[in-house]
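To convert, count from 1 in the sequence shown and add 238; that's the numbering used here. Using N, Cα and C, we set each Cβ at its ideal position, and we do this for glycine too. Values in this document were obtained by computation on a predicted structure and should not be read as measured data. Notes follow the structure.
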Amino acid sequence: MTVKLTLPTQSKMLSKDFVYGVATASFQIEGGTKSRLPCIWDTFCDIPNKIADGSHGEIACDHFNLWQDDLELIESLGVDAYRLSISWPRVITKSGELNLEGVAYYLNILDILISKNIKAFVTLYHWDLPQHLEDQGGWLNRDTAYKFRDYAHLISQALGNRVYSYATLNEPFCSAFLGYEVGVHAPGIVGKEFGKKAAHHLLLAHGLAMEVLAKNSPNTLNGIVLNFTPCYPESDSLIDISAAAFADDYFNQWYIKPVLDGEYPEMMSQLPTEHHPEIHEGDMAIIAHPMDFLGVNFYSRAIYRGDEEENFIQIDAPEPRTDMGWEIYPKAFAELLVTLNDKYTLPPIYITENGAAMADKMVGGVINDLDRVDYYQQHLNAVNDAVELGVQVHGYFAWSLMDNFEWAEGYLKRFGIVYVDYDTQVRTIKASGHAYKALITNR
Ligand code: IFM
Numbered sequence: 239m240t241v242k243l244t245l246p247t248q249s250k251m252l253s254k255d256f257v258y259g260v261a262t263a264s265f266q267i268e269g270g271t272k273s274r275l276p277c278i279w280d281t282f283c284d285i286p287n288k289i290a291d292g293s294h295g296e297i298a299c300d301h302f303n304l305w306q307d308d309l310e311l312i313e314s315l316g317v318d319a320y321r322l323s324i325s326w327p328r329v330i331t332k333s334g335e336l337n338l339e340g341v342a343y344y345l346n347i348l349d350i351l352i353s354k355n356i357k358a359f360v361t362l363y364h365w366d367l368p369q370h371l372e373d374q375g376g377w378l379n380r381d382t383a384y385k386f387r388d389y390a391h392l393i394s395q396a397l398g399n400r401v402y403s404y405a406t407l408n409e410p411f412c413s414a415f416l417g418y419e420v421g422v423h424a425p426g427i428v429g430k431e432f433g434k435k436a437a438h439h440l441l442l443a444h445g446l447a448m449e450v451l452a453k454n455s456p457n458t459l460n461g462i463v464l465n466f467t468p469c470y471p472e473s474d475s476l477i478d479i480s481a482a483a484f485a486d487d488y489f490n491q492w493y494i495k496p497v498l499d500g501e502y503p504e505m506m507s508q509l510p511t512e513h514h515p516e517i518h519e520g521d522m523a524i525i526a527h528p529m530d531f532l533g534v535n536f537y538s539r540a541i542y543r544g545d546e547e548e549n550f551i552q553i554d555a556p557e558p559r560t561d562m563g564w565e566i567y568p569k570a571f572a573e574l575l576v577t578l579n580d581k582y583t584l585p586p587i588y589i590t591e592n593g594a595a596m597a598d599k600m601v602g603g604v605i606n607d608l609d610r611v612d613y614y615q616q617h618l619n620a621v622n623d624a625v626e627l628g629v630q631v632h633g634y635f636a637w638s639l640m641d642n643f644e645w646a647e648g649y650l651k652r653f654g655i656v657y658v659d660y661d662t663q664v665r666t667i668k669a670s671g672h673a674y675k676a677l678i679t680n681r
């Protein structure tokens, strides 16, 4: 176990140009739900048994009120950048105009970030779809992609030159698969026939927004944030190897291949036609709009076994595991980055999320989360290995700035490098936060 975070003295990741940041998302931290339109997560939280602790996002970290203190906290960590997301239902009215009060909230945040010399990495969609759009079919309705384009147009005009980077979507896999195929995330729709249709509309929304951003905001770094869970076979048997390859296409390549190569993986031909997306002429070219960066989120890997009936079966994650039950396997991070670099012509990469939920305990006012420090150390080393092998990584964001609403897990899982006492809203920097700060400020 380490208490410090270190990198080899010659590491490119110690250059001042390498961007270090912390990341959050609107629904997970803001609260302030009465000051915006309802979103699909408000509705989902109201359904019994959907959220492990029965909680909701009404207060969350109360960042809606405490944002000034939180920006000071971010500054105190010495980071170069802050990745935040805009709540679509806070800034756009039902009739599709800007909600100026909602916009002012973000303008204030962005202005203060500029005054503190902290780069704003803004994500336009981190899962909080306005409920009234879900009522029209949500991401199963092609029209939602055009609604997203209109939102991207209005908000990028309103935020002007305060932003350093725009990501259109965060992890469309989660929105599509978890939200519209297995239903463990909002809006909770279940059916194998829905996942890829929702995914296509999300990717179309991304492409349409990229066109808008290229016009409205040509000087920001515009791109998308994708999550990757690399797929490994349980054994060297052919059946396990092809199961892992199928899962990789299903969960990972399905999202990166269209945005970079303008096509879905070959594996689509193995899916029943009723599971296929509805692709209109010209869609793939829109989706493959050139990007200034690709955001990569990494937490863990998954191991698969072949099966005659199912295409693949995911086996239980071996130890060591985080509090989410996710295997700690940093080697997969380096291998992922190197493989993506071999397979695609990548734009510059930013690691837009990496981190771990751990069972933190506050003892005597201190959170000595050495397990999380160790996780960060191993994963920073993995990124460094990939950089040494030629992958162009330009930045790294810890997920997350502070403990927050962890979706279906509610407040039970803590990902922060800052501890949040949800009764008092007091924030306490954990050992991992201090170690991260020291790494950044000692460069
Ligand atoms: O908390 C989430 C985040 O919203 C998206 N990426 C994964 C994180 C941990 O589950």
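{"query": "Expected contact under 8 Å - CB spacing of residue 522 and residue 561 to nearest Å", "result": "Actually they are not in contact, since the Cβ atoms of residue 522 and residue 561 sit about 40 Å apart, beyond 8 Å."}
{"query": "Residue 671: first and last residue of the uninterrupted alpha helix (DSSP H) it sits in", "result": "669-679"}
{"query": "Same chain, Cβ closer than 7 Å to residue 447, five either side skipped, listed in chain order", "result": "362, 386, 387, 390, 406"}
{"query": "Buried or exposed (CB count within 10 angstroms, at least 16 for buried), residue 524", "result": "buried"}
{"query": "Own chain residues within Cβ distance below 8 Å of residue 676, not counting five before or after", "result": "242, 243"}
{"query": "Assigned secondary structure, residue 385 (DSSP; H/G/I helix, E/B strand, else coil)", "result": "helix"}
{"query": "Reference residue 413, options 402, 395, 443, closest by Cα", "result": "443"}
{"query": "Beta-bridge partners of residue 277, as assigned by DSSP", "result": "368"}
{"query": "Enclosing alpha helix (DSSP H) for residue 581 [first to last residue]", "result": "569-581"}
{"query": "Residue 334 versus 342, 275, 312, 289, residue with shortest Cα-Cα distance", "result": "275"}
{"query": "3 or more residues per run - each beta strand (DSSP E) lying fully within the stretch 408-475", "result": "459-466, 469-471"}
{"query": "Start and end residues, beta strand (DSSP E) containing residue 323", "result": "319-323"}
{"query": "Among 436, 546, 544, 572, the one whose alpha carbon lies nearest that of residue 682", "result": "Nothing can be reported for residue 682: it is not among the residues displayed for the chain, which extend from 239 to 681."}
{"query": "DSSP-derived helix/strand/coil call for residue 239", "result": "Residue placement at residue 239 is flagged as unreliable, the pLDDT there being 47, under the threshold of 50; a coordinate-derived value is accordingly withheld."}
{"query": "Unbroken alpha helix (DSSP H) run spanning residue 543, endpoints", "result": "Residue 543 -> not in any alpha helix (DSSP H); beta strand (DSSP E) instead, spanning 540-543."}
{"query": "Spatial neighbours of residue 544 in its chain, beta-carbon cut-off 6 Å, leaving aside the 5 residues before and after", "result": "477, 478, 481"}
{"query": "Local Cβ density within 10 Å of residue 183, reported as buried at 16 or more and exposed below that", "result": "Given that the chain is displayed from residue 239 to residue 681, the structure contains no residue 183 and the question cannot be resolved."}
{"query": "Residue 587: first and last residue of the uninterrupted beta strand (DSSP E) it sits in", "result": "587-592"}
{"query": "C-alpha gap between residue 239 and residue 628, whole angstroms", "result": "Confidence at residue 239 is low in this model, with a pLDDT of 47, below 50, so its placement is unreliable and the value that follows should be read with caution. In a straight line, the C-alpha of residue 239 is about 29 Å away from that of residue 628."}
{"query": "Secondary structure, alpha helix (DSSP H): runs of 4+ residues fully inside the stretch 602-677", "result": "608-626"}
{"query": "Sequence-distant residues of its chain with Cβ nearer than 7 Å to residue 651 (five each side left out)", "result": "561, 562, 595, 644"}
{"query": "First through last residue of the beta strand (DSSP E) which encompasses residue 531", "result": "531-536"}
{"query": "Exposure label - residue 662; buried when at least 16 CB within 10 Å", "result": "exposed"}
{"query": "Under 9 Å between C-beta atoms of residue 635 and residue 258", "result": "yes"}
{"query": "Close-in-space but distant-in-sequence residues of the same chain around residue 323 (CB under 6 Å, 5 per side omitted)", "result": "263, 264, 361, 364"}
{"query": "Heavy atom of the ligand IFM within 8 Å of residue 731 beta-carbon", "result": "The requested residue 731 does not occur in the structure, where the chain is confined to residues 239 to 681."}
{"query": "Spatially closest choice to residue 646 from 273, 286, 256, by CA coordinates", "result": "286"}
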